[in-house]
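Shown next, in structure tokens, is the structure this report addresses.
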Amino acid sequence: MTDRALRVRQCRSALDMPAEEFRSLGHMLIEQIADFYDSLPLRPVTRATAPETLRTLIGTGELAEQGMDAGKLLADVVPMLFEHSLHNGHPKFLGYITSSAAPLGALADLLAAAVNANVAKWELSPVASEIESQAIRWIADLTGYHRDCGGLMVSGGTMANFLAFVAARSAVVPWDIRRSGSHGDRPLLTVYVSKRTHTWIEKAVDVCGVGIEAIRWIGTDGQGRMRLDLLRDRLQTDLAEGCFPFLVVGTSGNVSTGAVDPLRDMAALCREYGLWFHVDGAYGAAAAVLPEAPDDLHALALADSVAIDPHKWLYCPMEAGCVLTKRKDALRAAFEFRPDYYHFDEQQSGVNYYEHGMQNSRAFRALKVWLALRQAGRAGYRDSIRGDIRLAEALFALLAEHPEFETNSVNLSIVTFRYVPRGLESTQPAAKNYLNTLNRSVLAELQTGGELFLSNAIVDGSYLLRACIVNFRTLQQDIDAIPSIIAEVGRRLDETMRPTTRSEDSTAVAA
Ligand SMILES: *Cc1c(COP(=O)(O)O)cnc(C)c1O
Numbered sequence: 002m003t004d005r006a007l008r009v010r011q012c013r014s015a016l017d018m019p020a021e022e023f024r025s026l027g028h029m030l031i032e033q034i035a036d037f038y039d040s041l042p043l044r045p046v047t048r049a050t051a052p053e054t055l056r057t058l059i060g061t062g063e064l065a066e067q068g069m070d071a072g073k074l075l076a077d078v079v080p081m082l083f084e085h086s087l088h089n090g091h092p093k094f095l096g097y098i099t100s101s102a103a104p105l106g107a108l109a110d111l112l113a114a115a116v117n118a119n120v121a122k123w124e125l126s127p128v129a130s131e132i133e134s135q136a137i138r139w140i141a142d143l144t145g146y147h148r149d150c151g152g153l154m155v156s157g158g159t160m161a162n163f164l165a166f167v168a169a170r171s172a173v174v175p176w177d178i179r180r181s182g183s184h185g186d187r188p189l190l191t192v193y194v195s196k197r198t199h200t201w202i203e204k205a206v207d208v209c210g211v212g213i214e215a216i217r218w219i220g221t222d223g224q225g226r227m228r229l230d231l232l233r234d235r236l237q238t239d240l241a242e243g244c245f246p247f248l249v250v251g252t253s254g255n256v257s258t259g260a261v262d263p264l265r266d267m268a269a270l271c272r273e274y275g276l277w278f279h280v281d282g283a284y285g286a287a288a289a290v291l292p293e294a295p296d297d298l299h300a301l302a303l304a305d306s307v308a309i310d311p312h313k314w315l316y317c318p319m320e321a322g323c324v325l326t327k328r329k330d331a332l333r334a335a336f337e338f339r340p341d342y343y344h345f346d347e348q349q350s351g352v353n354y355y356e357h358g359m360q361n362s363r364a365f366r367a368l369k370v371w372l373a374l375r376q377a378g379r380a381g382y383r384d385s386i387r388g389d390i391r392l393a394e395a396l397f398a399l400l401a402e403h404p405e406f407e408t409n410s411v412n413l414s415i416v417t418f419r420y421v422p423r424g425l426e427s428t429q430p431a432a433k434n435y436l437n438t439l440n441r442s443v444l445a446e447l448q449t450g451g452e453l454f455l456s457n458a459i460v461d462g463s464y465l466l467r468a469c470i471v472n473f474r475t476l477q478q479d480i481d482a483i484p485s486i487i488a489e490v491g492r493r494l495d496e497t498m499r500p501t502t503r504s505e506d507s508t509a510v511a512a
């Protein structure tokens, strides 16, 4: 077709869009997004809009018979999203482990959707498959893992850990578990994880039919790290009882406090017992880019598999998880099937990623990750991650010297602490329940207030506030403002909530 013929081409479907319209709507949208990024620090982190209000806003009607103009639709939805979303790119969003997303990632997702590669089979996605392979290699390189490892981009940490779990099971179990399963008189397969392990492990054993009872929750030390002595004891007991241990999971940066398990010693123990060693580095593995990272973080290189979330500390937009395996073919060995509706040309050497995991049709998630890695380079990631850790340490120091806070921990970029009002002796047994209730209320108020967004951790029965900094927009001035924001809320709530001191009242907690 000539240029002119292209321009006057008729749209046959309601979903098609003439190039002119796409161009003008697209330009407008990009303008709006650029303004949105600029205005983030001035916006509330969240408006905490009520569910009913949102339902009214989006409309409760049935799907219309007639379609609508695309420009009108965007004009409706853009302000709705900017006003009523929770902005995890806001400089004072420090809740959970959701990063501020690199703007280039948004452009990458637009581009990936435009090309719409299906990264299932190499022929369907030639460039995309090669870019995914390189992104996986680079993530391995960045974290000090094996350059020639296997790997796959997935939706997030849960799926990355899940795939590693399945790969471990296929690799270690001596019978053909893919064919015959683990029912009948097979021994009980057992898995060893610390008490602080993320809930993906429960989903994995459940879905794979291994069963929740297979999880051995190993106790942790005062820093929240798995205790090696307890791990060894439990392994020996299980072996003596005829179980079949196959997997040990270490976490590098657990979700509660960011603690890193003793990965080096765990790896040695796994070698001794012939077990698969998996590291859940969904959050923390990225920090292995820092030479000064804890030695145990660097020891993730000893793992048979590693999960890492580019949508956490590599600052990519949702969704981007990644699993790495030391043996290049470990995922394919666990997931490969060759259906007759796919043509296989043995000459072509490209990788067919559908064979490496659960998904068949797959999005081009690797693009935003690959572009982010190239945009920042190693040095850019070192600076951003180091910056987050320094801000976390600065926050810890500010809270430690403030009379109304009790600090608990700082690991990587996670700080845990609680608000303790003046005049309350936090070590009194009766104070414990009150402080849990008070801090729970403080968090609830912060999460709806819009000024500062934190989350919580529960450590040894204490309800703690938790700040996790995976946010390149957070500045020192944001950190400086935090103690007084929380203390103001804490004081106000304490005034109305604290039980009064009466000598006959056994629940009195005031000093
Ligand atoms: C976030 C996280 C997960 C889960 O990852 P998703 O991307 O939310 O699925 C698992 N483990 C750890 C340690 C995490 O921090």
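Residue 2 is where the sequence shown starts when you use this note's numbering, and the numbers rise one by one after that.
Using N, Cα and C, we set each Cβ at its ideal position, and we do this for glycine too.
Check                                                                                                   : Outcome
Check: residue 284 C-beta below 7 Å from any heavy atom of ligand 1                                     : yes
8 Å Cβ cutoff met for residue 228 and residue 221                                                       : yes
Presumed contact (8 Å Cβ cut-off) between residue 456 and residue 97, rounded CB distance               : 5 Å
Beta-bridge partners of residue 409, as assigned by DSSP                                                : Partner(s): none; residue 409 has no beta bridge.
Among 143, 80 and 333, the one whose alpha carbon lies nearest that of residue 32                       : 80
8 Å Cβ cutoff, residue 37 in contact with chain C                                                       : In summary, chain C is missing from the structure at hand, where a single protein chain is found.
Contact under 8 Å by Cβ, residue 464 with residue 143                                                   : no
Proximity of residue 216 and residue 249 at Cβ, strictly below 8 Å                                      : no
Cβ-Cβ distance between residue 306 and residue 325 below 8 Å                                            : yes
Contiguous beta strand (DSSP E) assignments of at least 3 residues, all confined to the stretch 287–339 : 306–309 and 322–326
heavy atom of ligand 1 below 7 Å from residue 201 C-beta                                                : yes
Ligand 1 heavy atom lying under 7 Å from the CB of residue 252                                          : yes
Collapsed DSSP secondary structure at residue 246 in the structure displayed                            : strand
Best match in 147, 282, 267 and 235 for proximity to residue 252 [C-alpha to C-alpha]                   : 282
Cα-Cα separation between residue 280 and residue 264, rounded to whole angstroms                        : 8 Å
Buried versus exposed, by CB contacts within 10 Å (16 or more), residue 504                             : Any answer about residue 504 is weak, because its pLDDT of 41 lies below 50 and its placement is not dependable; what the coordinates show is given next. Counting Cβ neighbours within 10 Å, residue 504 comes out exposed, since fewer than 16 surround it.
Opening and closing residue of the beta strand (DSSP E) in which residue 218 lies                       : 216–219
Residue 336 beta carbon less than 8 Å from that of residue 303                                          : no
Any non-hydrogen atom of ligand 1 within 7 Å of residue 255 CB                                          : yes
Stretch-stretch touch, CB-based, cutoff 8 Å, three pairs: the stretch 486–497 with the stretch 414–429  : yes
Any non-hydrogen atom of ligand 1 closer than 7 Å to residue 310 Cβ                                     : yes
Per-residue burial, residue 117 [other beta carbons within 10 Å of its own, 16 or more giving buried]   : exposed
DSSP three-state assignment for residue 234, whether helix, strand or coil                              : helix
Heavy atom of ligand 1 within 7 Å of residue 106 beta-carbon                                            : no
Contact test: residue 409 Cβ vs ligand 1 heavy atom, cutoff 7 Å                                         : no
Check: residue 158 C-beta below 7 Å from any heavy atom of ligand 1                                     : yes
C-beta atoms of residue 157 and residue 357 nearer than 8 Å                                             : no
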